[in-house]
Amino acid sequence: MVEKDERKPVLKSEMAPSNSTIMFLSYCFLLVFIVAGKRSAIERSEAKADAIAHHYQTVKLSSFLSSSICRPSTKRDKKYGSLKVVHKHGPCSKFSKNIIKPITMEEILTHDQSRFDAIKSRLTTTTTTRKKDIKTSMATMPATSGNLFNSGNYIVTIGMGTPKKDLSLIMDTGSDLTWTQCQPCSGSCYSQQDPMFSPSLSTTYSNISCTSTECSLLPSATGNLPGCRSLTCVYGIQYGDGSYSVGEFAKEKLTLSKNEEFDNFMFGCGQTNEGDYGTATGLLGLGSGKLSIVSQTANKYGKVFSYCLPSTDSGSGYLTFGKSGISRNVKYTPLLTSLGSSTFFNVKLVSMTIGNTRIAMRSSMIMDSGTVITRLPPKAYLALRNTFRAEMTRYPLTKPLSILDTCYDLSNHTDVRMPTISMGFGQNVNVGIQPQGALIATSREKMCLAFTGNDDDSEPSIYGNVQQMTTQIVYDMAEGKLGFSPQGCE
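Residue numbers for the sequence shown follow UniProt numbering, beginning at 1 and rising by one.
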């Protein structure tokens with residue numbers, strides 16, 4: 001029996017959607033499109049706002065001002081091969097406790113300019129033309145002030161001799177020879193806080209002979225030919241302003257920590273020293289030459305050292321020899337062949353960025369731990385200054401401060417909104433400068449852009465220690481590169 005199919009046939013009008021349905025669906029699609037478009041516009045706007053915010057920062061003014069309380073900012077100096085670094089004029093320095101009249105920013109900048117002038121002189125003057133200026137027979141030499149030496153801001157403490165005597169030395173990447181004042185003072189010695197090193201009380205001290213290979217290394221480190229006194233090699237180092245140190249070139253046991261000792265470390269034992277050197281006992285040479293502490297400890301540390309300078313003079317940083325503690329985030333730029341001196345570390349500067357404005361440039365730049373303010377070629381500095389001023393129009397300009405020509409009166413503010421500044425080096429290495437490295441303050445009434453311009457393009461560009469603060473700077477002499485890592489003091 002055949003069953004009838006009682007289902008109704010489907011009409012065309014029932015299959016197709018009605019006009020109202022089509023309109024409804026179209027409206028929904030249009031609504032979704034509009035909402036998506038608005039969301040995309042909002043996201044683009046937020047991204048743009050984030051980008052703008054990334055190029056600016058709001059900073060409390062109190063973070064720029066000095067404190068009378070020592071706040072150590074790192075534990076890294078507890079590790080082997082590491083020394084604590086403190087600012088010579090800050091509360092963490094033992095020298096600051098006996099200072100009756102604190103040094104002013106004007107005086108610091110005056111010393112800094114003298115150091116810059118001395119570096120220029122070293123780059124343009126040969127050993128031959130300078131050897132007549134120094135009398136290594138320990139005779140009296142004319143002196144004015146030790147501004148090249150005194151401009152160094154950061155101090156480390158090492159041990160010398162047996163038994164060990166602590167010496168507070170100014171760290172200097174612009175010098176090779178390490179030297180300290182020694183007894184007896186055959187000529188004259190400046191006042192220092194620590195007891196003077198006495199070779200006669202050490203069982204490991206020995207003089208270096210005039211005819212030795214070691215003595216012949218002195219000209220490259222000091223710029224002067226060595227002298228000879230009773231068959232003992234005599235060094236003489238004279239700075240650009242006329243200050244100097246003269247004494248015996250000797251060997252001694254160097255102690256960096258309990259388990260870090262080095263026999264036969266070559267150094268200068270200064271017995272005639274003239275100039276305004278402050279209260280430090282001498283200088284620690286961190287340059288690239290053969291007599292620097294870096295080269296003399298190469299068998300253990302591989303010609304590598306790093307440091308981080310604290311964000312303020314009331315903090316502490318570190319100086320570390322070897323690859324221990326180098327950040328995994330470090331970015332390297334090649335070291336260039338030194339121009340005029342084998343001592344200095346040179347890198348290629350390719351750009352600066354202020355806010356969202358990039359300034360292209362091409363210049364070699366000396367990395368120097370002893371120079372305070374960064375020096376730039378004239379046109380590069382003018383571009384930086386003008387861009388910075390354009391971003392800071394909400395704040396009133398005030399009188400220049402020594403070599404700093406862009407200063408602001410922020411006495412009516414508790415914080416400052418300022419553009420970020422970064423330096424671009426070779427191999428696409430960009431280094432951000434912290435706010436305290438962009439502005440330097442004497443008070444709320446005077447906060448200045450911490451850069452200055454050279455008189456002409458022949459003068460050296462220098463990356464100063466104010467701009468280096470809080471960045472781990474890695475000097476890898478073995479591989480010919482220099483590294484940067486942000487927040488390096490942590």
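We put the beta carbon where it would ideally sit given N, CA and C, even for glycine.
One question on the structure: do V330 and V474 come within less than 7 Å of each other, judged by their Cβ atoms?
Taking the first residue of the sequence shown as position 1, residue 330 is located at position 330. Taking the first residue of the sequence shown as position 1, residue 474 is located at position 474. For V330 and V474, yes; Cβs fall inside 7 Å.
What does the alpha-carbon distance come out to for the pair A49 and D415?
The residue given as residue 49 occupies position 49 in the sequence shown. The residue given as residue 415 occupies position 415 in the sequence shown. Note that A49 scores a pLDDT of 45, beneath 50, so its modelled location is shaky and nothing firm can be said.
Start and end of the beta strand (DSSP E) containing I433?
As a first step, residue 433 is located in the sequence shown; it is residue number 433 there, counting from the start. Here the beta strand (DSSP E) through I433 covers V429 to I433.
Going by the beta-carbon positions, is the gap between K172 and I373 smaller than 7 Å?
As a position in the sequence shown, residue 172 is number 172, starting the count at 1. As a position in the sequence shown, residue 373 is number 373, starting the count at 1. For the record, residue 172 in the displayed sequence is Asp; it is not Lys. The beta carbons of D172 and I373 sit no closer together than 7 Å.
Spell out the partners DSSP gives M361 in its beta bridges.
The count along the sequence shown starts at 1 and reaches residue 361 at position 361. Note: M361 sits in no beta bridge, so no partner.
Integer-rounded CB distance, given that L283 should sit under 8 Å from S175
Translated into positions along the sequence shown, residue 175 becomes position 175. Translated into positions along the sequence shown, residue 283 becomes position 283. Yes, they are in contact, since the Cβ atoms of S175 and L283 sit about 6 Å apart, within 8 Å.
What is the DSSP secondary structure of N346, counted as helix, strand or coil?
Along the sequence shown, read from residue 1 onward, the residue named residue 346 stands at position 346. In the structure shown, N346 falls within a strand segment according to DSSP collapsed to helix, strand and coil.
Does the ligand SAH have a heavy atom nearer than 6 Å to the CB of I170?
In the structure on display, the ligand SAH does not appear, and there are no ligands present to speak of.
Mind the definition here: the segment 380-394 touches the segment 415-430 only if three or more C-beta pairs lie below 8 Å; say whether that holds.
Three or more beta-carbon pairs separated by less than 8 Å link the segment 380-394 to the segment 415-430, which places the two stretches in contact.
Below 8 Å on the Cβ atoms is my guess for L83 versus L336; work out the distance and round it to an integer in Å.
Locating residue 83 in the sequence shown gives position 83, counting from the first residue. Locating residue 336 in the sequence shown gives position 336, counting from the first residue. Contact doesn't hold; Cβ gap of about 28 Å is too wide.
Between the alpha carbons of K399 and V304, how many angstroms are there, rounded?
As a working note, residue 399 is residue 399 in the sequence shown. As a working note, residue 304 is residue 304 in the sequence shown. In a straight line, the C-alpha of K399 is about 43 Å away from that of V304.
Near S327, what residues of its chain come up, given a Cβ to Cβ distance below 6 Å and the 5 sequence neighbours on each side ignored?
Residue mapping note: residue 327 aligns to position 327 of the sequence shown, counting from 1. Counting only residues of its own chain and dropping the five nearest sequence neighbours on each side, S327 has a CB closer than 6 Å to the CB of Q472 and S485.
Between A250 and I170, is the Cβ-Cβ spacing less than 7 Å?
Residue mapping note: residue 250 aligns to position 250 of the sequence shown, counting from 1. Residue mapping note: residue 170 aligns to position 170 of the sequence shown, counting from 1. No.
N-terminal and C-terminal residue of the beta strand (DSSP E) that A250 is part of:
Position 250 of the sequence shown, counted from the first residue, corresponds to residue 250. The continuous beta strand (DSSP E) containing A250 extends over residues Y244 to S257.
How do the segment 62-73 and the segment 85-93 stand: do at least 3 beta-carbon pairs fall below 8 Å, yes or no?
By the C-beta criterion, the segment 62-73 is judged to be in contact with the segment 85-93, since at least 3 inter-stretch pairs fall below 8 Å.
Who are E261's beta bridge partners in DSSP?
The residue labelled residue 261 in the question sits at position 261 within the sequence shown. Per DSSP, T255.
For the segment 182-230, which segments carrying the alpha helix (DSSP H) assignment without a break, of at least 4 residues, lie completely within its bounds, in sequence order?
List check, alpha helix (DSSP H) in window: 218-222.
Report buried or exposed for G480, applying the criterion of at least 16 other Cβ atoms within 10 angstroms of its Cβ.
As a first step, residue 480 is located in the sequence shown; it is residue number 480 there, counting from the start. Residue environment analysis places G480 among the exposed positions, since fewer than 16 neighbouring C-beta atoms fall within 10 angstroms of its C-beta.
Taking only three categories from DSSP, how would you classify Q487?
On the sequence shown, residue 487 is found 487 positions in, with the first residue counted as 1. It is coil, neither helix nor strand.
Enumerate in chain order the residues of its own chain whose CB-to-CB distance from S202 is below 6 Å, with the five nearest sequence positions on each side excluded.
Mapped onto the sequence shown, residue 202 falls at position 202. If we look at S202 and ignore the five residues flanking it on each side, its Cβ neighbours are G161 and T162.
Measuring CB atoms only, is the segment 456-465 touching the segment 101-121, in the sense that at least three cross pairs come out at less than 8 Å?
They touch, by the three-pair rule.
Using the C-alpha atoms, what's the distance from V429 back to T470?
For this step, residue 470 is matched to residue 470 along the sequence shown. For this step, residue 429 is matched to residue 429 along the sequence shown. When the Cα atoms are used, T470 and V429 turn out to be separated by approximately 17 Å.
Local conformation of H111 per DSSP, three classes
By 1-based counting over the sequence shown, the position of residue 111 is 111. If DSSP states are grouped into helix, strand and coil, H111 belongs with the helices.
Tell me the rounded alpha-carbon separation between T232 and F321.
Here residue 232 is taken as the residue at index 232 of the sequence shown, counted from 1. Here residue 321 is taken as the residue at index 321 of the sequence shown, counted from 1. So the alpha carbons of these two residues sit roughly 31 Å apart.
I'd like to check one pair, C189 with C269: are the Cβ atoms closer than 7 Å?
Within the sequence shown, the letter at position 269 stands for residue 269. Within the sequence shown, the letter at position 189 stands for residue 189. No, the Cβ-Cβ distance between C269 and C189 is not below 7 Å.
Output the distance between the C-alpha atoms of E445 and N412, rounded to the nearest integer angstrom.
For the purposes of this step, residue 445 is taken as the residue at position 445 of the sequence shown. For the purposes of this step, residue 412 is taken as the residue at position 412 of the sequence shown. Approximately 9 Å, taken between the alpha carbons.
For R362, does the count of other Cβ atoms within 10 angstroms reach 16, so buried, or fall short, so exposed?
For the purposes of this step, residue 362 is taken as residue 362 along the sequence shown, with counting starting at 1. R362 should be labelled exposed.
Just to confirm the assignment, what range does the beta strand (DSSP E) spanning A441 have?
To locate residue 441, count along the sequence shown from 1; it is residue 441. Here the beta strand (DSSP E) through A441 covers L439 to S443.
Hey, residue 494 and I354: beta-carbon distance below 7 Å or not?
Outside the shown range of the chain (1 to 490) lies residue 494, about which nothing can therefore be said.
Taking all protein chains shown into account, decide if H87 is buried (16 or more other Cβ within 10 angstroms of its Cβ) or exposed.
Position 87 of the sequence shown, counting from 1, holds the residue named residue 87. Around the Cβ of H87, a 10 Å sphere holds 16 or more other Cβ atoms; the residue is buried.
Hey, quick one: how far does the alpha helix (DSSP H) through I293 stretch, first residue to last?
Counting from one through the sequence shown, the residue named residue 293 turns up at place 293. Going by DSSP, I293 is part of the alpha helix (DSSP H) stretching over I293 to Q296.
Span separating the alpha-carbon of K323 from that of Y301
Sequence index remark: in the sequence shown, residue 323 carries index 323 (1-based). Sequence index remark: in the sequence shown, residue 301 carries index 301 (1-based). Computed Cα separation, rounded: 7 Å.
L256, buried or exposed, once every other Cβ within 10 Å from all chains shown has been counted against 16:
The count along the sequence shown starts at 1 and reaches residue 256 at position 256. The residue is buried, with at least 16 neighbouring Cβ atoms inside 10 Å.
Since L109 and S402 should fall inside the 8 Å C-beta cutoff, what is the C-beta to C-beta distance between them, to a whole number of angstroms?
Here residue 109 is taken as the residue at index 109 of the sequence shown, counted from 1. Here residue 402 is taken as the residue at index 402 of the sequence shown, counted from 1. Going by Cβ atoms, the distance from L109 to S402 rounds to 4 Å, so yes, they are a contact pair.
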